[in-house]
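These notes are about the structure you will find just below.
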Amino acid sequence: MISERGARWGRRIGRFLAFGVWHARVIGADRVPTSGPVLFAANHTGVVDGPVLAGATPRPVHVLVKQEAFTGVVGWFLTSLGQIPVDREGGRTALTAALGVLRRGGVVGIFPEGNRGRGDASSAHAGIAWLALNGGAPVVPVAVLGTRRTGESVGHVPGFRRRLVIEFGEPLTIVREPGTSGRVALSEANEAIRVALSGLVSAAAARAGLPLPNDDPNAVE
């Protein structure tokens, strides 16, 4: 079973990083439901987005992290903190584990874009939509800003006391309308989540004065 106690420790460590090492400001934390299953859909620009999300949320969160990170000491650490390894070529095992967390009333965090990049949510994988439809969890979009600037690599660790902003949006209720096929429901849910996240990120970046990086390390020239 994915460790709930580990996720609580992960939140403590995330808070130390977000507010002690960096200078994070959290907006809209009161929009996060205080009980029951919740899905966070966050944008993804840099390597520290996961710890920052864990530190900003008012509830312990189990974040889906790329499977390649689960090796050696780092892998042991991530596992002990209740994080979930995901194979980006086929994430069925990760989705099953995440669904188990939701069904016991826990919180799961996903970066729907999959890879670190511009963080504008111009595309999204459907795993979070599948979880929302099958786990009965509201989806809270989350804008994570400032973790990577233009010209920095996706593996860059922000310098001491860098200003970060994490803004939580209004929860989305995802339902399958009667008569809608599973495929259509999944596609519609995924696009609704993507649009909500993209809109929040754009508005939050403008409000905070923290623009997204204008380069995409994943772009193929």
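Taking the working numbering as reference, the numbering of the sequence shown is continuous, increasing by one, and the terminal residue is 902.
For each residue, glycine too, the CB sits at the ideal point set by N, CA and C.
It should be emphasised that the depicted structure is a prediction, and the values quoted were computed from it without experimental measurement.
Practice problem: Could you name the residues that DSSP lists as bridge partners for residue 822? | Solution: 722
Quiz item: Considering only residues of the same chain and omitting the five flanking positions on each side of residue 843, which have a CB-CB separation below 7 Å?
Solution: 703, 704 and 827
Quiz item: Given 8 Å as the limit, is there contact between the region 752–767 and the region 714–727, that is, 3 or more CB pairs closer than that?
Solution: no
Quiz prompt | Neighbourhood of residue 744 by C-beta distance below 6 Å, restricted to the same chain and skipping five residues each side | solution = 731, 764 and 790
Practice problem: Compute the Euclidean distance between the alpha carbons of residue 834 and residue 794, then round it to the nearest angstrom. | Solution: 17 Å
Practice problem: Would you please state the rounded distance, in angstroms, between the beta carbons of residue 691 and residue 741? I believe it to be under 8 Å. | Solution: 7 Å
Quiz item: Hey, residue 882 and residue 775: beta-carbon distance below 7 Å or not?
Solution: no
Exercise. Grab me the residues of residue 916's own chain with a C-beta within less than 6 Å of its C-beta, minus the 5 sequence neighbours each way, in chain order.
Key: It is not possible to answer for residue 916, since the shown part of the chain is limited to 682 through 902.
Quiz item: Expressed to the nearest angstrom, what Euclidean distance is found between the alpha-carbon atoms of residue 890 and residue 800?
Solution: 15 Å
Exercise. Could you have a look at residue 749 and say whether DSSP puts it in helix, strand or coil?
Key: helix
Exercise. Within its chain, find whatever has a CB closer than 6 Å to the CB of residue 782; leave out the 5 residues flanking it on each side and keep chain order.
Key: 683, 743 and 789
Quiz item: Do you know whose CA, among 696, 739, 735 and 697, lies nearest residue 715's CA?
Solution: 739
Quiz prompt | Cα-Cα separation, residue 718 to residue 858 | solution = 21 Å
Quiz prompt | Exposure label - residue 786; buried when at least 16 CB within 10 Å | solution = exposed
Quiz item: DSSP beta-bridge partners for residue 853?
Solution: 820
Quiz prompt | Whether residue 812 touches residue 720 by CB criterion (7 Å) | solution = yes
Quiz item: Under the rule that 16 or more other beta-carbon atoms within 10 Å means buried, what is residue 901, buried or exposed?
Solution: Since pLDDT at residue 901 reaches only 48, below the 50 mark, its modelled position is unreliable, and the value read off the structure follows with that caveat. So residue 901 ends up on the exposed side.
Practice problem: Kindly list the residues whose CB is nearer than 7 Å to the CB of residue 871, restricted to its own chain and excluding five residues on each side of it in sequence; keep chain order. | Solution: 805, 807 and 810
Exercise. Would you mind reading off the limits of the beta strand (DSSP E) that contains residue 788?
Key: 788–791
Exercise. Could you check if residue 892 is buried or exposed, using at least 16 other CB atoms within 10 Å of its CB as the buried criterion?
Key: exposed
Practice problem: Tell whether a beta-carbon distance below 7 Å holds between residue 885 and residue 824. | Solution: yes
Practice problem: Measure the CB-CB distance between residue 854 and residue 896 and report whether it falls below 7 Å. | Solution: no
Self-check item: Closest by C-alpha distance to residue 856, when choosing among 696, 849, 868 and 713
Solution: 868
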